[in-house]
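> Residue numbers (my numbering), protein chains in the order written: chain C, 8 to 395; chain B, 6 to 252. Heads up, the beta-carbon is just placed ideally off N, CA and C, and yes, glycines get one too. This is the structure I want to talk about, given as structure tokens.
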Ligand SMILES: Cc1cc2nc3c(=O)[nH]c(=O)nc-3n(C[C@H](O)[C@H](O)[C@H](O)COP(=O)(O)OP(=O)(O)OC[C@H]3O[C@@H](n4cnc5c(N)ncnc54)[C@H](O)[C@@H]3O)c2cc1C
């Protein structure tokens, strides 16, 4: 079969080392995740059990410096790892995104040296699982309105409130929680599993990301010692910088899911016969395949260019937002079109398409919904905020 | 203990094979190269032995032009400690074996590991030739390998059974399936560590090749697969009998 993933010879834009990174992640996923992905989704078994493996291979913490247990790699490598993980399932990529960009990144960027030394190596090798608590029951797209808050007390703070829709909440050992202080400023707090008054009930009955544990973080007078405050940042900028890093990874990740769908649909269309001919013979099928591949290549090039800008420290939040929106939408469209090519077969668990499609419904919502990202680009172009 | 492992640089098994120069040369353009699968298993086994506590220094060696360094880099990323490239086109088995024997003599290696054959030309001669040149024992096609103090123990598949061999150091052993279970996947820290590891480049000794490839032929294209429904045994038997004519 034609290597449609290299249609524009993108491999020559990558270094020898990038190719090694991609091949390693790809091999690991095909050996470890792909064979169990369907079963884990069917049984709603969370893939967090693979975080130790992710740590061992360095598929988490790839851009965190070596001294804190990371691999010190660039952003293209991070993107390629996300792509390969999501080729397996969005759940495993989500775990890796949260751990690396939403938990390790803020500790690395906004934490004290003691916090970095205490938590980063354990998060990097997967012996600790992290969660990121920003969204609340009443504040999703509008996190600035959050109600979770702290009041000062001797030696620290008392945290009250609740976060919702939090990836890995039920299984986390540590949560980076964003809450308002008495001056109404948003700060980050490191909440450890054994802190009294902290619970994390699981959200059941999802039809998407079924292999990822999602839940609430509930804080009932939780004492947070001063040593657990991320002093290096305040305001929405803190969580937004984390989201920049994670959204970048998602922009690559969904390429993996999209590629898995195209590959499946292309193969199927060449095998499946109707009216005595492979369905790939029909112009309408070819139109689908041609359009999907074109959009895939465009998304791929966008992700690559953004990676270069990330490496140079020049990527703007607006560029990251645009790439996340475009690439997730592209992947979801590809999943839906691919499913059509498979006809009834497309709805079964014998092929990965429906699973990817359902997962991508979460991905198009989390880390900023598609529409919120449109507003971000709109705002960037017009300098007029249309959020409220 | 020091080991020299011969790393083949071979086309990915899914490559589309083409030839140039009147079918006398293999066309390398657009080909993805990989570590030979047997060598990958061999290196994996060495790394397992090392991880289990044996003090083992692993040198990966390849006879090949500069582009094979990407393959050596992968061996380093998997965990080999250093690499040597003999800067020459590996023209035939004897030439390659002689170059590797030279590398062996330059160092203080305790044994040499190869794959049982390269998966491109399937010569399967280099391991035996190296052993002959150096006058040391050779263990071909080993499916298990262990170091037990001052000797090494290996298992070989033989017709209808297994053979257990023991050899004192130094020796040459060629790995086949079973040597290790799954080839080791380089981790990200290994890939980063490989950046700092050295690839030494040696110039070849003068011996030239004594065999020459004059022509390649591609196998006849296979006709398209036919799929038969799982419950339609009759049709399968009919096709095997009437079309494939094998039963
Ligand atoms: C599986 C999963 C995992 C998640 N993991 C995490 C996590 O780990 N950590 C975390 O903090 N959050 C997480 N989230 C939450 C996610 O980020 C939010 O769901 C998302 O930000 C949207 O918020 P909401 O669901 O409250 O939707 P709402 O904000 O209520 O939005 C509902 C709809 O209204 C639209 N809308 C809202 N405001 C506007 C506006 N101004 N103009 C036009 N349209 C608007 C939205 O686009 C959307 O279509 C996760 C979500 C899911 C589904």
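With distances taken Cα to Cα, identify the nearest neighbour of residue 115 of chain B among B:67, B:246, B:136 and B:71.
Walking along the second chain from the start, residue 115 of chain B turns up at place 110. Considering only alpha carbons, the answer is B:136.
> Which of the three DSSP states is assigned to residue 153 of chain B in this structure?
For the purposes of this step, residue 153 of chain B is taken as the residue at position 148 of the second chain. In the structure shown, residue 153 of chain B sits in a strand (DSSP, three-state: E or B).
> Taking residue 229 of chain C as the reference, give the member of C:166, C:306, C:147 and C:48 with the closest Cα.
By one-based count along the first chain, residue 229 of chain C stands at place 222. Nearest option by C-alpha distance: C:166.
> As a quick exercise: from C:343, C:373 and C:386, pick the residue whose alpha carbon is nearest that of residue 359 of chain C.
Taking the first residue of the first chain as 1, we reach residue 359 of chain C at position 352. Closest by alpha carbon: C:343.
> Do you know whose CA, among B:70, B:56 and B:49, lies nearest residue 15 of chain B's CA?
Taking the first residue of the second chain as position 1, residue 15 of chain B is located at position 10. Looking at the Cα atoms, B:70 is the closest of the given residues.
> Could you list which residues in chain C have their beta carbon closer than 8 angstroms to that of residue 80 of chain B, in chain order?
Taking the second chain and counting its residues from 1, one reaches residue 80 of chain B at position 75. What residue 80 of chain B touches in chain C: nothing, since even the nearest Cβ is about 11 angstroms away.
> Roughly how far, in whole angstroms, is the beta-carbon of residue 327 of chain C from the beta-carbon of residue 302 of chain C, given that I think they are within contact range, below 8 angstroms?
The sequence position of residue 327 of chain C within the first chain is 320, counting from 1. The sequence position of residue 302 of chain C within the first chain is 295, counting from 1. Not confirmed; about 19 angstroms, so no contact.
> If we call anything under 9 angstroms between Cβ atoms a contact, is residue 254 of chain C one with residue 331 of chain C?
If you number the first chain from 1, residue 254 of chain C lands on position 247. If you number the first chain from 1, residue 331 of chain C lands on position 324. Yes, these two residues count as a Cβ contact at 9 angstroms.
> Exposed or buried, residue 234 of chain B, counting other C-beta atoms within 10 Å across all chains shown (16 or more means buried)?
The residue you call residue 234 of chain B lines up with position 229 of the second chain. Exposed, since its Cβ has fewer than 16 Cβ neighbours within 10 Å.
> Whose CA, out of B:103, B:19, B:219 and B:197, lies closest to the CA of residue 85 of chain B?
To locate residue 85 of chain B, count along the second chain from 1; it is residue 80. When each option's Cα is compared against that of residue 85 of chain B, the closest is B:197.
> Can you find the residues in the same chain that come closer than 6 angstroms, C-beta to C-beta, to residue 206 of chain B, ignoring five residues on each side of it along the sequence?
Translated into the one-based positions of the second chain, residue 206 of chain B becomes position 201. Same-chain partners within the cutoff: 90 and 92.
> Excluding five sequence neighbours on each side, which residues of the same chain lie with their C-beta closer than 7 angstroms to the C-beta of residue 209 of chain B?
Residue numbering aside, residue 209 of chain B sits at position 204 when the second chain is read from its first letter. Around residue 209 of chain B: 91, 92, 93 and 104.
> Should residue 374 of chain C be counted as a contact of ligand 1 given a C-beta to heavy atom distance under 8 angstroms?
Residue 374 of chain C sits at position 367 when you count from the first residue of the first chain. Yes, the beta carbon of residue 374 of chain C sits closer than 8 angstroms to at least one heavy atom of ligand 1.
> Any contact of the region 146 to 164 of chain C with the region 175 to 190 of chain C, i.e. 3+ C-beta pairs under 8 angstroms?
Taking 8 angstroms as the limit for Cβ pairs, the verdict is that the region 175 to 190 of chain C does touch the region 146 to 164 of chain C.
> Leaving out five residues on either side along the sequence, give the residues of the same chain with a beta carbon under 8 angstroms from the beta carbon of residue 82 of chain C.
Within the first chain, residue 82 of chain C is the residue found at index 75, counting from 1. If we look at residue 82 of chain C and ignore the five residues flanking it on each side, its Cβ neighbours are 70, 255, 314, 317 and 318.
> Give a yes or no on whether the minimum CB-CB distance between residue 51 of chain C and chain B is below 9 angstroms.
Residue numbering aside, residue 51 of chain C sits at position 44 when the first chain is read from its first letter. No, residue 51 of chain C does not count as interfacial toward chain B.
> Would residue 75 of chain B count as contacting chain C if we go by Cβ distances under 9 angstroms?
Start at 1 with the first residue of the second chain, and residue 75 of chain B comes out as number 70. Yes, because at least one Cβ of chain C sits closer than 9 angstroms to the Cβ of residue 75 of chain B.
> Quick check on residue 14 of chain B: does DSSP put it in helix, strand or coil?
One-based indexing of the second chain puts residue 14 of chain B at position 9. In this structure, residue 14 of chain B counts as strand in the three-state DSSP scheme.
> Considering residue 381 of chain C, what are the terminal residues of the alpha helix (DSSP H) in which it resides?
For the purposes of this step, residue 381 of chain C is taken as the residue at position 374 of the first chain. Where residue 381 of chain C is concerned, the enclosing alpha helix (DSSP H) stretches over 377 to 389.
> Under 8 angstroms: does the beta carbon of residue 378 of chain C sit that close to some heavy atom of ligand 1?
Here residue 378 of chain C is taken as the residue at index 371 of the first chain, counted from 1. Yes; taking the cut-off as 8 angstroms, the Cβ of residue 378 of chain C has a heavy atom of ligand 1 nearer than that.
> Can we say the region 111 to 127 of chain B touches the region 40 to 53 of chain B, given the rule of at least three CB pairs closer than 8 angstroms?
Segments in contact, yes.
> Under 8 angstroms from any heavy atom of ligand 1, does the C-beta of residue 149 of chain C make it?
As a working note, residue 149 of chain C is residue 142 in the first chain. Under cutoff, so the answer is yes.
> Any residues in the region 186 to 220 of chain B with a beta carbon nearer than 9 angstroms to a beta carbon of chain C? Which ones, in chain order?
Going along the region 186 to 220 of chain B in chain order, one finds 187, 188, 190, 191, 192, 193, 194, 195, 196, 197, 199 and 200 with a Cβ nearer than 9 angstroms to chain C.
> Given 8 angstroms as the limit, tell me if residue 225 of chain C has its C-beta closer than that to any heavy atom belonging to ligand 1.
In the first chain, the residue the question calls residue 225 of chain C occupies position 218. Every heavy atom of ligand 1 is 8 angstroms or more from the Cβ of residue 225 of chain C, so no.
> Can you find a heavy atom of ligand 1 that lies under 8 angstroms from the Cβ of residue 1 of chain B?
This structure gives no information on residue 1 of chain B, because the portion of chain B shown stretches from 6 to 252.
> Between residue 113 of chain B and residue 10 of chain B, is the Cβ-Cβ spacing less than 9 angstroms?
As a first step, residue 113 of chain B is located in the second chain; it is residue number 108 there, counting from the start. As a first step, residue 10 of chain B is located in the second chain; it is residue number 5 there, counting from the start. No; because the gap between Cβ atoms is not below 9 angstroms, this pair is not in contact.
> By DSSP's criteria, residue 84 of chain C is part of a beta bridge. Which residues make up the other side?
Here the question's residue 84 of chain C lines up with position 77 in the first chain. Paired residue(s): none; residue 84 of chain C is not in a bridge.
> Does any CB atom of chain B fall closer than 9 angstroms to the CB of residue 80 of chain C?
Here the question's residue 80 of chain C lines up with position 73 in the first chain. Chain B, which has a Cβ nearer than 9 angstroms to the Cβ of residue 80 of chain C, makes this yes.
> Starting from the beta carbon of residue 34 of chain C, find every residue of chain B whose beta carbon is closer than 8 angstroms, and list them in chain order.
Start at 1 with the first residue of the first chain, and residue 34 of chain C comes out as number 27. Correct list: 190.
> On a CA-only basis, which of B:21, B:162, B:28 and B:68 is nearest residue 181 of chain B? Give me that one, please.
Position 176 of the second chain, counted from the first residue, corresponds to residue 181 of chain B. The shortest C-alpha separation from residue 181 of chain B is found at B:162.
> Is there at least one non-hydrogen atom of ligand 1 closer than 8 angstroms to the beta-carbon of residue 384 of chain C?
On the first chain, residue 384 of chain C is found 377 positions in, with the first residue counted as 1. No, Cβ of residue 384 of chain C sits at least 8 angstroms from all heavy atoms of ligand 1.
> Run the proximity test for residue 213 of chain C: is its beta-carbon closer than 8 angstroms to any non-hydrogen atom belonging to ligand 1?
Counting from one through the first chain, the residue named residue 213 of chain C turns up at place 206. Yes, ligand 1 has a heavy atom inside 8 angstroms of this Cβ.
> Tell me whether residue 9 of chain B, by its Cβ, gets closer than 8 angstroms to a heavy atom of ligand 1.
Here residue 9 of chain B corresponds to residue number 4 of the second chain, with the count starting at 1. Checking the Cβ of residue 9 of chain B against ligand 1 gives no.
> Can you tell me whether residue 62 of chain C is buried or exposed? The criterion is at least 16 other CB atoms within 10 Å of its CB, across all chains shown.
As a first step, residue 62 of chain C is located in the first chain; it is residue number 55 there, counting from the start. Residue 62 of chain C is buried by the Cβ-count criterion.
> Less than 9 angstroms between the beta carbons of residue 68 of chain C and residue 107 of chain C, yes or no?
On the first chain, residue 68 of chain C is found 61 positions in, with the first residue counted as 1. On the first chain, residue 107 of chain C is found 100 positions in, with the first residue counted as 1. In contact: residue 68 of chain C and residue 107 of chain C (Cβ atoms closer than 9 angstroms).
> Which chain B residues are close to residue 28 of chain C, counting only those with a beta carbon under 9 angstroms from its beta carbon?
Residue 28 of chain C sits at position 21 when you count from the first residue of the first chain. Those are 191, 193 and 196, listed as they occur along chain B.
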